[in-house]
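Take the sequence shown: its letters are residues 15 to 166, numbered as in this note's numbering.
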Amino acid sequence: MTSVSEIGSLPKTKKPSDSAFKQQRLPAWQPILTAGTVLPTFFVIGIAFIPVGVGLLYFSDQVKEKLYRRVDHTQGGFTEGLLAGNYTLTVAYSYPVSAFDGRKRMILSTTSLLGGKNPFLGIAYIVVGCICLLLGITLLIIHIKCSKSKLM
15 MTSVSEIGSL PKTKKPSDSA FKQQRLPAWQ PILTAGTVLP TFFVIGIAFI
65 PVGVGLLYFS DQVKEKLYRR VDHTQGGFTE GLLAGNYTLT VAYSYPVSAF
115 DGRKRMILST TSLLGGKNPF LGIAYIVVGC ICLLLGITLL IIHIKCSKSK
165 LM
């Protein structure tokens, strides 16, 4: 049996002893995604993606295309596109390209009303960069407000 003096010596709280293992202050228990690691990542991605997107848009506009022929789909035989078979294209030097170090190529493509260039990748980089910058600024403001309110 336990005596009265032994009951008085038992701890009165359920709080564990103040050791690093019991309080989970070991390095393995520390969170990796803190404000100090997430916010700089958002800012770096945003600052890196926006110039890359602008560069992609700029250089996609540097490609010069000169329309040579267009398939008229209203004429008979071309309502479904080009007919199957072999085609020959003779390239003449009527449009000089050596002055600007250019090259001549034949490209069969489908163009839309906006043209044949595809600016999607440049726009996507700019949008993702702006989103990362806005999220970084928003999270920084939230972090500053929440950390000040806890201190006061």
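The beta carbon of each residue, even a glycine, is placed where N, CA and C say it ideally should be. Quick caveat, the model's predicted, so the values are computed rather than measured.
Less than 8 Å separating the beta-carbons of residue i and residue j?
i	j	result
residue 153	residue 56	yes
residue 60	residue 116	no
residue 85	residue 96	yes
residue 47	residue 139	no
Thinking just about the alpha-carbon of each residue, which of the options is nearest to the one in residue i?
i	options	result
residue 136	28, 72, 161	72
residue 121	151, 159, 114, 101	101
residue 119	151, 133, 134, 81	81
Assign residue i to one of two classes, buried (16 or more other C-beta atoms within 10 Å of its C-beta) or exposed (fewer than that).
i	result
residue 161	exposed
Are the region 58–65 and the region 140–154 touching, with three or more C-beta to C-beta distances below 8 Å?
yes
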